[in-house]
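In full-length UniProt numbering, the protein residues as written are 1 to 589. Before any comments, here is the structure.
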Ligand code: ARG
């Protein structure tokens with residue numbers, strides 16, 4: 001194992017040992033260690049422990065201090081306040097720890113795998129066939145992609161599922177219309193662009209809708225189509241497939257713009273569970289989990305009631321025999337647990353679907369499909385708001401097209417990149433490429449840097465700003481380091497544990513030391529925004545370091561090497577961290 005023990009856990013271990021020595025009857029006591037501004041670390045656990053052991057906290061703290069083994073790692077321990085401990089680590093320990101991270105042969109910067117791993121099925125990036133994608137689909141894709149990368153990095157087996165909306169009564173209308181106007185989707189799939197595909201679908205949808213609303217006979221024919229579709233009539237299914245294929249051209253073009261890999265085999269839409277629906281309903285009815293109510297098959301909950309005080313059921317099968325969204329999700333759970341052998345089910349879905357998932361999970365628990373060993377969790381995300389704080393719409397009140405939005409982000413970012421391009425010596429090709437990485441990175445970072453469940457404002461001006469908590473700021477921090485490394489000539493990054501460190505070097509070093517623990521925590525709690533916060537803090541400490549510590553003009557050749565080492569490891573950490581968020585770090589910016 002090339003994973004590196006962090007200084008935090010090294011100090012933690014020494015304190016825990018000292019605590020045990022001082023109070024043998026409380027062997028599992030936690031010193032509650034955290035990073036601190038006053039010293040390197042502060043331990044707050046002694047207060048509570050003293051209370052438990054009926055001891056004087058300051059006295060206990062003093063006893064612990066006497067027993068801490070100092071020297072290699074711990075430089076100094078002091079009692080402060082009512083019984084806190086302030087701990088400083090040695091410069092040597094910091095540099096040796098970082099050297100070990102940099103030398104990790106697996107290229108993981110010493111980040112360990114999670115202690116316990118399993119199989120997670122993650123449901124994300126699930127747009128709907130024949131419909132435009134909107135900002136909600138963007139959030140699901142961006143958050144889901146980051147969580148996939150984080151989990152895989154920590155050793156989890158991850159199975160991706162794109163639960164696209166590819167089934168339902170609206171297809172009757174579309175198919176019937178296409179059947180009557182066969183030339184309308186009459187082309188080879190690989191000859192149209194994503195945009196053309198979407199405009200074809202949009203045109204068809206509008207035309208079909210118009211006819212459906214105005215022509216009773218068409219309406220009847222469309223309804224009959226739904227029956228044919230559900231019965232699996234081959235001709236009807238072939239037409240349906242055309243809509244799915246055309247939509248996929250569009251989806252893939254958006255995901256490509258997002259610089260995101262979506263694999264065909266992972267697209268298992270609602271239709272993928274058709275064969276299971278009848279059985280799902282039968283099992284629920286036989287076990288008594290679901291009951292017939294006014295012809296529909298329903299599941300009731302004590303605590304879920306409508307505004308009128310009447311219980312709101314989860315409808316698994318409608319009174320006309322049709323299956324809906326819930327039956328599909330319940331069948332998907334059976335598939336994911338029993339066939340895919342998942343022990344964690346994650347759903348990256350809009351918070352407005354929270355009630356649906358609450359009812360679906362509870363139903364699956366009652367049916368025994370979600371046992372004690374299986375976690376099901378909706379990673380719910382909030383709404384994307386416009387600058388005005390209202391749900392994001394165009395001036396005309398329509399939902400904003402995702403493609404337009406991404407194009408605009410790239411356009412603005414390209415302008416930002418172009419401004420500095422001459423000084424950096426970028427070719428036109430590099431300007432265009434970096435503009436994409438900066439623009440798409442900005443959109444992803446804005447989404448990932450706030451807690452998922454909160455709403456956030458989509459403000460492009462702020463997103464591509466060079467200052468503040470933006471991906472551009474982080475990307476520039478990375479590129480600036482690369483530029484220093486290029487200018488270093490023969491000087492190489494080498495760690496020198498014998499050197500005394502300046503305060504800004506220590507602060508940067510201690511932050512670098514936290515990378516592994518941050519990644520593990522963030523992956524375990526599915527909270528990418530905490531990784532974004534970590535990286536932003538790292539870049540801020542780097543800026544402070546530059547202000548105080550010249551790199552290439554440092555006093556001695558050893559110091560130059562040591563500082564090159566620090567910035568190089570910072571760059572590698574930024575690169576790895578951003579990659580886990582799905583964001584690129586261009587070498588020259
Ligand atoms: N297609 C749905 C939508 O656009 C999201 C699907 C979420 N996943 C699920 N298993 N229900 O809202």
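Note that beta-carbon positions come from the ideal geometry of N, C-alpha and C, so glycine has one too.
The C-beta distance from residue 7 to residue 73 rounds to 7 Å, short enough to meet the 8 Å contact threshold. The Cβ atoms of residue 381 and residue 452 lie closer than 8 Å to each other. Residue state for residue 120 is assigned as strand, using DSSP reduced to three classes.
Membership of residue 395 in any alpha helix (DSSP H) is not indicated, and neither H nor E is assigned to it by DSSP.
The Cβ neighbour count for residue 447, taken over all protein chains shown within 10 Å, is at least 16; the residue is labelled buried. By the CB criterion at 8 Å, residue 67 and residue 82 fall outside the cutoff. Put simply, the region 340-348 does not touch the region 306-322. Fewer than three CB pairs are less than 8 Å apart.
Taken atom to atom, the span from the alpha-carbon of residue 449 to that of residue 79 is near 37 Å. In the structure shown, the three-state DSSP call for residue 37 is coil. For residue 329, the shortest C-beta to heavy atom distance toward the ligand ARG is below 7 Å.
Distances from the CB of residue 135 to the heavy atoms of the ligand ARG are all 7 Å or more.
Taking the CA atoms as reference points, residue 100 sits about 17 Å from residue 89. It is roughly 31 Å from the alpha-carbon of residue 264 to the alpha-carbon of residue 456. For residue 514, same chain residues with a beta-carbon under 8 Å away, outside a window of 5 residues either side, are 6, 8, 35 and 534 in chain order. DSSP, read as helix, strand or coil, puts residue 457 in strand.
Counting only residues of its own chain and dropping the five nearest sequence neighbours on each side, residue 327 has a CB closer than 7 Å to the CB of 277, 280, 281, 316 and 317.
With distances taken between CA atoms, residue 367 lies nearest to 289 out of 289, 443 and 378. In the three-state scheme derived from DSSP, where H, G and I count as helix and E and B as strand, residue 75 is classed as strand. With at least 16 other beta carbons inside 10 angstroms of its own, residue 436 counts as buried. Here residue 537 has 511 as same chain residues with Cβ atoms under 7 Å from its own Cβ, once five neighbours each way along the sequence are excluded. Distances between the C-beta of residue 382 and the heavy atoms of the ligand ARG are all 7 Å or more. At least one heavy atom of the ligand ARG lies closer than 7 Å to the C-beta of residue 332.
With a cutoff of 7 Å, residue 127 counts as near the ligand ARG, since its C-beta is closer than that to a heavy atom of the ligand. If you look at residue 48, you'll find it in the alpha helix (DSSP H) that goes 45-52.
For residue 349, the shortest separation between its Cβ and any heavy atom of the ligand ARG lies below 7 Å. If you compare the alpha carbons of 516, 555 and 522 with that of residue 147, the shortest gap goes to 522. In this structure residue 415 is exposed. Its beta-carbon is surrounded by fewer than 16 other beta-carbon atoms within 10 angstroms. In the displayed model, residue 297 falls within a strand according to three-state DSSP.
Note that the C-beta distance between residue 196 and residue 401 is not below 8 Å.
The Cβ-Cβ distance between residue 574 and residue 477 falls below 8 Å. Shortest gap from the CB of residue 164 to any heavy atom of the ligand ARG: under 7 Å. Distance from residue 585 to residue 475 at the Cβ level is roughly 6 Å; contact confirmed, criterion being Cβ atoms closer than 8 Å. Residue 105 carries a coil assignment under DSSP once its states are collapsed to helix, strand and coil.
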